[in-house]
Structures are given as C-alpha cells and as structure tokens.
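K.L.:
This is the structure I have questions about; it appears just below.
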Ligand code: PGA
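Written as structure tokens, this is what we have:
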C-alpha cells in the first residue's frame, strides 16, 4: 500500500518531498530523479532550492513533453524544466533530459528508455496526477506495461493546461511521455496532489480498483510509494483516518 501523508498546506507537502530528495542525494550524490512539470511540484522545487544543496551531480529525466511545440517555446517542458527545476536547484543542464530532446520523434521513446537504463534507472520519481487520473501524460486506457511513447492528450487535459497558453487551441494535441511501465521501474514514487479537483483522481489511484481506466492506480502495484496530499485532495479517501493514524504513529526510524 502506498504511504499516504495528509498535510496542512502545499508548502508542507513541498518540504516533505524535499526531505525525501535530500536524504536520497545525501546517500547518492549522483542520484537519478524523475522530474514532473505542472503546478503541483512547484513547492517541492522551492523547498529544495531554499536548502542550497549541492545537486550538481544529480541526473534528471523529465516525465513528459509536448509534441509540436518548438523546443524554445516557454511552455515546452524542456523550457519549463530548465526554468523551474534546473536553474533554481543548481542542476547541471547536461545531466538533465526531457523526452525527444535529441533525434527524431519516431525513435525518441526508445532512445529515452535506453538513456534511463544507462543511468541505472530512476531512484525517485516525482509525480502529479491529472483530473483524468493520468500520471505523466498516460491518459485512461494506457497499458501498465507501456514505455516512453507518443500519445494523444485528452480534451480534458488540454483544457486543464490551457492556463499556460493563450487558448485551449494552442495546447498541443500530442505528447511524448514515460509509460506506466517506465514509471513503475522507478525505485520510489512520490505522488503529490492538491485541491478538491484532484480528490476523485487521488481516491481512484490510491483506493480504487487497479485499472488502466485510472492510470494512477498503477501505483498500487509498486513497492514504494509516498502519496502526499492536502486535505482537499484527500477528501474522498475512505481510509483517511487510518492514514493519519499511521503517519502520526510512524516509527522513529521510518523515513519517507
Ligand atoms: P498539475 O498537473 O500539477 O498542473 O495539476 C498535474 C498533471 O496533470 O499530472
């Protein structure tokens, strides 16, 4: 079962996720992080940046990227990762990759998978979750065995991401995303979700049936998952009282 931590604020969530990254990097200076974009991880990046750690040897792989935007577009995930993660955290740009950042799109998925394997796999994957239940850009119906590949975004996801663009028509229709199988190979998943609009997806992912109709439910099959949610995103969790009880009574040696 995922460890579910219900926190009082998005800042508290960011501090906890930053704790997990900090202890990983203390043990392994060249740790491999899976990097998520979107609004949810921002407090994590902010908390980490404030700690002024030496993260120059950390390697990174972004979860996903739009297909069809020029790389220099400010909302390409290559640009977003550079602006919101690499620069504030002091990562080394050459050690951080985004899907389809080199070579033709047709072979970009296989190339990305090879690069992740060559790096020794992802140690800690930060995840958000979409209202559709997607993790990465794996929309409902994605195979649990899927690897990095090109996908079509749902209209719901395009609408949700329109806030970063002038209009929903400007949101690309296609993306390239780590697959659910790729995500499942990461050694630790840290899934963050905030706000009532995520409550349904969180409940489906954590407690619902394991089904590709809710891609986030794949986390139930992973050995080490930490779900960090605020009260609003936790509102539909049936066992919320137990999660609070377990967290408040965790053993002193237990780490995220
Ligand atoms: P958000 O996106 O963090 O911007 O809400 C999450 C997601 O779509 O996976």
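In this note's numbering, the protein residues as written are 15 to 270.
Glycine included, every Cβ here is placed at the ideal spot set by N, Cα and C.
Find the nearest neighbour of residue 74 within the set 169, 29, 137, judged by alpha-carbon distance.
P.N.:
As a working mapping, residue 74 is identified with position 60 in the chain shown. Closest option to residue 74, Cα to Cα, is 137.
K.L.:
Below 8 Å between beta carbons: does that hold for residue 105 and residue 69?
P.N.:
Counted from its first residue, the chain shown places residue 105 at position 91. Counted from its first residue, the chain shown places residue 69 at position 55. In contact: residue 105 and residue 69 (Cβ atoms closer than 8 Å).
K.L.:
From residue 45 to residue 131, what distance separates their C-alpha atoms?
P.N.:
Sequence index remark: in the chain shown, residue 45 carries index 31 (1-based). Sequence index remark: in the chain shown, residue 131 carries index 117 (1-based). Distance between the alpha carbons of residue 45 and residue 131: 13 Å.
K.L.:
How about residue 156: is its Cβ closer than 7 Å to a heavy atom in ligand 1?
P.N.:
Counted from its first residue, the chain shown places residue 156 at position 142. Incorrect: residue 156 has no Cβ contact closer than 7 Å to ligand 1.
K.L.:
In or out: residue 84 buried (at least 16 other Cβ within 10 Å) or exposed?
P.N.:
Counting from one through the chain shown, the residue named residue 84 turns up at place 70. Exposed, since its Cβ has fewer than 16 Cβ neighbours within 10 Å.
K.L.:
In the structure shown, what three-state DSSP assignment does residue 106 receive?
P.N.:
Your numbering for residue 106 matches position 92 in the chain shown. It is coil, neither helix nor strand.
K.L.:
Are there 16 or more other CB atoms within 10 angstroms of the CB of residue 244, so buried, or fewer, so exposed?
P.N.:
As a first step, residue 244 is located in the chain shown; it is residue number 230 there, counting from the start. It counts as buried.
K.L.:
Taking only heavy atoms of ligand 1 into account, decide whether any of them is closer than 7 Å to the Cβ of residue 53.
P.N.:
Looking up residue 53 in the chain shown gives position 39. Yes, the beta carbon of residue 53 sits closer than 7 Å to at least one heavy atom of ligand 1.
K.L.:
Which class does residue 153 belong to by DSSP, given the choice of helix, strand or coil?
P.N.:
Residue mapping note: residue 153 aligns to position 139 of the chain shown, counting from 1. Coil, per DSSP.
K.L.:
Can you look up residue 54 in the DSSP assignment and give me helix, strand or coil?
P.N.:
Residue mapping note: residue 54 aligns to position 40 of the chain shown, counting from 1. Here residue 54 sits in coil by DSSP.
K.L.:
For the 8 Å Cβ check, are there 3 or more pairs between the segment 117-130 and the segment 202-209?
P.N.:
No, the segment 117-130 does not touch the segment 202-209.
K.L.:
Along the chain, where does the beta strand (DSSP E) containing residue 48 start, and where does it finish?
P.N.:
Along the chain shown, one-based indexing puts residue 48 at 34. Its beta strand (DSSP E) spans residues 46-49.
K.L.:
Restricting to Cα atoms, I'd like to know which of 151, 180, 141, 187 is closest to residue 239.
P.N.:
Start at 1 with the first residue of the chain shown, and residue 239 comes out as number 225. Residue 141 is the option with its Cα nearest to residue 239.
K.L.:
For residue 77, report the span of its beta strand (DSSP E) as first-last.
P.N.:
As a working mapping, residue 77 is identified with position 63 in the chain shown. Here residue 77 belongs to no beta strand (DSSP E), and DSSP marks it neither H nor E.
K.L.:
Kindly provide the ranges of any beta strand (DSSP E) runs that are 3 or more residues long and lie completely inside the segment 146-203, ordered along the chain.
P.N.:
Those beta strand (DSSP E) runs which fall completely within the segment 146-203 and span 3+ residues are 163-166, 188-191.
K.L.:
Are residue 165 and residue 151 touching if we call contact CB-CB under 8 Å?
P.N.:
For the purposes of this step, residue 165 is identified with residue 151 of the chain shown, where counting begins at 1. For the purposes of this step, residue 151 is identified with residue 137 of the chain shown, where counting begins at 1. Yes, Cβ-Cβ distance for residue 165 and residue 151 is below 8 Å.
K.L.:
Residue 41 by DSSP, collapsed to three states: which one?
P.N.:
The sequence position of residue 41 within the chain shown is 27, counting from 1. DSSP places residue 41 in helix when its eight states are reduced to three.
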